[in-house]
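As structure tokens, the structure follows; a few thoughts come after it.
Numbering (our numbering), first residue to last: 1 to 155.
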């Protein structure tokens, strides 16, 4: 699949060039991708080989020239389950089969070595819903430890 570049960069004749509307010069290009520019994401200038794309549209890259634990990364999709994710990326957006490869637990990505099937049924992957209306709130089934004071009724 050859060398690819993450998100908004262009690969031309061995040079990474940002689109002109995002680049104000050579000095600004050095700060792009470091997280200091409010319009950037950290991996915008990384180059690597596209290893695969998951069912949500996340793209997984690898470049063995980087040191261990920094040589694999994910370029998150812009929308997941109807929610825009450009500024709200979450680690739970990575499905379990890609998590193993991304964190160097295995050398084989799920595109070449699909995960083994189990006799129990997997649930579909959902990303973290804490702080939203879909979060789990248990029903209070235990007795209260403190009882409120009820004033006596006048006769």
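Where is the CB? At the ideal position from N, CA and C, for every residue including glycine. Since this is a predicted model, take the numbers as computed values, not measurements.
Which residue marks the beginning of the beta strand (DSSP E) containing residue i, and which one marks its end?
{"i": "residue 62", "result": "59-62"}
{"i": "residue 98", "result": "Per DSSP, residue 98 belongs to no beta strand (DSSP E); it is in the alpha helix (DSSP H), 96-102."}
{"i": "residue 49", "result": "47-53"}
{"i": "residue 73", "result": "72-75"}
Can you name, in chain order, every residue of its own chain whose Cβ lies under 6 angstroms from the Cβ of residue i, other than the five neighbours on each side?
{"i": "residue 56", "result": "77, 80"}
If you draw a straight line from the C-alpha of residue i to the C-alpha of residue j, how long is it?
{"i": "residue 155", "j": "residue 127", "result": "58 angstroms"}
{"i": "residue 119", "j": "residue 85", "result": "34 angstroms"}
{"i": "residue 131", "j": "residue 49", "result": "36 angstroms"}
{"i": "residue 58", "j": "residue 74", "result": "7 angstroms"}
{"i": "residue 91", "j": "residue 140", "result": "30 angstroms"}
{"i": "residue 60", "j": "residue 115", "result": "17 angstroms"}
{"i": "residue 146", "j": "residue 83", "result": "41 angstroms"}
{"i": "residue 193", "j": "residue 47", "result": "Past the boundaries of the shown model lies residue 193; the chain is included only from 1 to 155, so the question cannot be answered."}
{"i": "residue 153", "j": "residue 87", "result": "56 angstroms"}
Is residue i near residue j, with beta carbons less than 8 angstroms apart?
{"i": "residue 53", "j": "residue 109", "result": "no"}
{"i": "residue 129", "j": "residue 123", "result": "no"}
{"i": "residue 65", "j": "residue 102", "result": "no"}
Kindly examine the ligand SAH and report whether one of its heavy atoms sits closer than 7 angstroms to the Cβ of residue i.
{"i": "residue 68", "result": "The ligand SAH is absent from the structure shown, which contains no ligands of any kind."}
If I measure Cβ to Cβ from residue i and keep anything under 8 angstroms in the same chain, skipping five residues before and after, which residues do I get?
{"i": "residue 106", "result": "100, 113"}
{"i": "residue 104", "result": "68, 69, 72"}
Skipping 5 residues on each side, what residues in its chain have a beta carbon closer than 7 angstroms to that of residue i?
{"i": "residue 98", "result": "54, 60, 110"}
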